[in-house]
Each structure stands twice: as structure tokens, then as C-alpha cells.
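Participant: One structure coming up, written as C-alpha cells, with questions to follow.
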DNA sequence: AAACAGGAACCAC
DNA sequence: GTGGTTCCTGTT
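In the numbering used here, the protein residues as written are 23 to 314.
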């Protein structure tokens with residue numbers, strides 16, 4: 023793969039294992055929207071761009087060449103997903119699941135944005151989460167003009183510290199509003215240090231994260247996987263719970279047991295397995311009739 | 001229009 | 001530590 027400049031941005035030439043829909047519509051991120059033509063527009067770390075796929079080339083319209091290392095990291099382009107898929111395909115269920123999410127990649131997102139977004143994800147659905155995250159960005163982030171339209175960066179802890187519980191409720195955060203205020207304060211005032219947590223191993227980082235208000239085991243696993251490079255994390259949401267119970271376990275095993283089983287079974291690739299399974303579960307809905 | 005979907009907190013035990 | 005209930009809001 024190489025990266026070139028073009029008139030409106032940059033091009034990633036000859037990218038493998040890369041499908042926009044699988045990457046941006048698989049529940050790992052909330053700020054990218056399908057423009058109804060298969061391209062996706064959104065904001066990452068203050069950069070508003072549009073992704074357009076053409077064959078094996080990916081256009082990042084609005085992308086700057088001096089940000090090329092940022093995009094390589096964000097899109098996890100240095101990882102060999104073919105190899106991961108080969109390893110996971112030894113398991114028959116995963117072999118099937120991978121077919122449904124061929125081009126998934128796990129993004130490397132900002133820890134703070136990911137943490138707040140997944141606090142909002144508790145007992146919530148993707149369109150609602152997206153709306154709340156968008157509202158927070160519009161109210162507390164910085165304006166970016168792209169293609170003649172307004173976009174907003176996700177606020178850093180300092181900017182989000184101006185948010186009150188009332189304002190966050192208006193943004194659609196519901197009962198999670200006080201958790202966001204409290205956790206933002208913990209981070210801003212240095213009692214929680216996301217960079218330090220990121221430097222710990224998966225188990226210790228998990229222990230630290232669940233000390234924070236609004237973060238339970240599942241949300242902690244999402245933060246670890248989607249923003250801290252912990253690919254051995256295995257977040258168990260309702261969808262993953264359903265596939266796991268259907269294909270591997272009894273219908274009544276606890277979330278913790280499913281988590282332990284997944285981490286044990288898929289090891290260093292547990293996070294990737296989780297993504298394929300999540301996508302698979304959502305495709306299976308209605309067809310095979312997953313229980314619960 | 002009542003039922004349902006979705007994880008964490010919180011309180012019992 | 002496990003189990004039951006509550007939180008909020010849109011959709012069916």
C-alpha cells in the first residue's frame with residue numbers, strides 16, 4: 023500500500039481487507055455516516071473527511087498528506103488482517119462469521135472520546151448513541167468547515183468540563199449524564215490518567231477503568247479494544263452474547279463466563295473475533311432467529 | 001398503546 | 001460475587 027496526494031485529499035492505493043461499511047457500521051465508532059452512496063463522512067481527532075472506496079483504492083477527501091501517519095494508525099493499516107482471518111478460520115463458526123464482515127478493521131480512536139461514547143452506549147442503541155455524541159460535539163467541540171458544511175470535533179476533557187448534567191441530559195445522555203460529568207472531572211483533575219491506563223496490560227487497565235462512574239465490564243472492554251490497542255479484549259454485548267450462546271455455550275451462561283470463554287478461546291485475536299461475531303449476529307437476526 | 005430494547009448502578013442476600 | 005430492579009427514549 024502507498025499513499026498519494028490528489029487535488030482534494032489523499033489516496034490509499036491498493037488497500038486489502040478494507041470495507042467502509044464493515045468498518046464504520048459495526049458499532050465501534052459513532053461519528054461516521056453513510057452518505058447514501060457508500061461513502062462515509064465524519065470527524066476523527068478534529069479532522070473532517072469523506073472516505074470513498076473505488077476498487078482497492080480508498081480516497082480520503084479532505085485528508086492532508088502531512089496527516090498520513092495519523093490515518094495509517096487510525097485505520098490500522100499496518101496490520102495484516104489476512105493473517106488474523108486465517109488464524110481465526112480454524113474455528114468453523116468464525117470462518118462463517120468472517121464471511122459476513124470480510125473488510126472489518128479495528129480503528130484506533132481517541133481514548134477520551136471512546137470512553138465517553140461508550141458510557142453513553144450503556145442500555146442504549148446505536149442511532150441514539152450517535153445522536154448524543156453528535157450533540158455533545160456540537161455544543162462543546164470546535165467547529166470545522168468541510169465541503170461547505172459544519173462539523174464539530176469531539177471535545178477534550180477541558181472543554182467537556184463546561185458541560186453540566188442538565189446540558190448533557192438535553193444532549194440525550196439520559197441517566198448517564200451525571201456519570202459523564204463525574205468521570206470527566208476525574209480525568210481532568212488527574213485522578214484518572216488514560217495514557218497511563220493505556221500503558222498497562224489488559225487486565226490491569228480493565229481494573230482501573232471499571233473504577234470510573236458509568237464504566238462496567240463491557241464498556242471497559244470496548245474502550246480497551248477500540249482506543250487502547252488491547253486486541254485480547256472481548257466485549258460481550260447482547261449481540262455477541264446471543265451468537266456465543268447459540269454456537270458455543272448454554273443459553274443461560276453469565277456475561278462474565280462468555281467473556282472468559284471468548285478470551286480463552288481466541289487469545290490475542292479475541293477482539294477481532296468479537297467484531298466478526300458482532301457483525302455476524304446482526305446479519306443472522308431474523309434469518310436463523312437468534313434467541314433472546 | 002403497551003411492550004420491548006439495551007449495560008451499569010445500587011441494593012439485597 | 002450473584003441476582004433483581006431501575007434508569008431513558010425511541011421504535012414496533
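All C-beta atoms in this analysis are idealised placements derived from N, C-alpha and C, irrespective of residue type, glycine included.
Bear in mind the structure is a predicted one, so any value in this text is a computation, not a measurement.
When the Cβ atoms of the segment 248 to 262 are set against those of the segment 290 to 308, are three or more pairs found closer than 8 Å?
Facilitator: Yes, the segment 248 to 262 touches the segment 290 to 308.
Participant: From this set, 135, 127 and 115, which residue's C-alpha is nearest residue 162's C-alpha?
Facilitator: Numbered from 1 along the first chain, position 140 holds the residue referred to as residue 162. The option with the nearest alpha carbon to residue 162 is 135.
Participant: Can you check the segment 185 to 255 for any alpha helix (DSSP H) of at least 4 residues that lies completely inside it and give the ranges in chain order?
Facilitator: 187 to 192, 199 to 210, 216 to 221, 224 to 231 and 239 to 249
Participant: Determine which residues share a DSSP beta bridge with residue 81 and list them.
Facilitator: To locate residue 81, count along the first chain from 1; it is residue 59. Paired residues: 33 and 74.
Participant: Could you tell me which of 145, 137, 281 and 274 sits nearest to residue 233, measuring between CA atoms?
Facilitator: Within the first chain, numbered from 1, the residue matching residue 233 stands at position 211. Closest by alpha carbon: 137.
Participant: With a CB to CB cut of under 6 Å and the five nearest residues on each side skipped, what residues in its chain are close to residue 230?
Facilitator: Translated into positions along the first chain, residue 230 becomes position 208. Answer for residue 230: 219, listed in chain order.
Participant: Using a Cβ-Cβ cut-off of 7 Å (strictly less than) and excluding sequence neighbours within five positions of residue 195, which residues of its own chain qualify?
Facilitator: Translated into positions along the first chain, residue 195 becomes position 173. Result list for residue 195: 142, 154 and 202, in chain order.
Participant: DSSP puts residue 173 in a beta bridge; with which residues?
Facilitator: In the first chain, counting from the first residue as 1, residue 173 sits at position 151. Answer is 166, bridged to residue 173.
Participant: Using a Cβ distance threshold of 8 Å, determine whether the segment 246 to 254 contacts the segment 210 to 224, with at least three qualifying pairs required.
Facilitator: Taking one beta carbon from each stretch, the segment 246 to 254 and the segment 210 to 224 have 3 or more pairs nearer than 8 Å; the two touch.
Participant: State the start and end residues of the unbroken alpha helix (DSSP H) segment that holds residue 96.
Facilitator: On the first chain, residue 96 is found 74 positions in, with the first residue counted as 1. Per DSSP, residue 96 belongs to the alpha helix (DSSP H) from 90 to 96.
Participant: Counting pairs of Cβ atoms below 8 Å between the segment 98 to 105 and the segment 34 to 51, do you hit three or more?
Facilitator: Segments in contact, yes.
Participant: Expressed to the nearest angstrom, what Euclidean distance is found between the alpha-carbon atoms of residue 40 and residue 173?
Facilitator: Here residue 40 refers to the residue found at position 18 when the first chain is read from its first residue. Here residue 173 refers to the residue found at position 151 when the first chain is read from its first residue. Each residue's Cα considered, the two are about 25 Å apart.
Participant: Which residues does DSSP pair with residue 26 in a beta bridge?
Facilitator: For the purposes of this step, residue 26 is identified with residue 4 of the first chain, where counting begins at 1. 33, per the DSSP bridge assignment.
Participant: Once DSSP output is grouped into helix, strand and coil, what is the label at residue 55?
Facilitator: Locating residue 55 in the first chain gives position 33, counting from the first residue. The answer is strand: DSSP assigns residue 55 an E or B state.
Participant: Going straight from the alpha carbon of residue 160 to that of residue 170, what length do you get?
Facilitator: Indexing the first chain from 1 puts residue 160 at position 138. Indexing the first chain from 1 puts residue 170 at position 148. Residue 160 and residue 170: Cα-Cα distance of roughly 16 Å.
Participant: Can you tell me whether residue 285 is helix, strand or coil according to DSSP?
Facilitator: For the purposes of this step, residue 285 is taken as the residue at position 263 of the first chain. Residue 285: helix per DSSP, three-state reduction.
Participant: Assign residue 21 to one of three DSSP states: helix, strand, or coil.
Facilitator: Because the chain spans 23 through 314 in this model, residue 21 falls outside it and cannot be assessed.
Participant: Which stretch, first to last residue, makes up the alpha helix (DSSP H) that contains residue 141?
Facilitator: To locate residue 141, count along the first chain from 1; it is residue 119. First-last of the alpha helix (DSSP H) with residue 141: 133 to 142.
Participant: By how many angstroms is the C-alpha of residue 95 removed from the C-alpha of residue 156?
Facilitator: What you label residue 156 is simply residue 134 of the first chain in a count that begins at 1. What you label residue 95 is simply residue 73 of the first chain in a count that begins at 1. Cα to Cα, the separation comes out at about 23 Å.
Participant: Just tell me which of 181, 243 and 69 has its CA closest to the CA of residue 294.
Facilitator: Along the first chain, one-based indexing puts residue 294 at 272. Checking every option, the nearest Cα to that of residue 294 belongs to 243.
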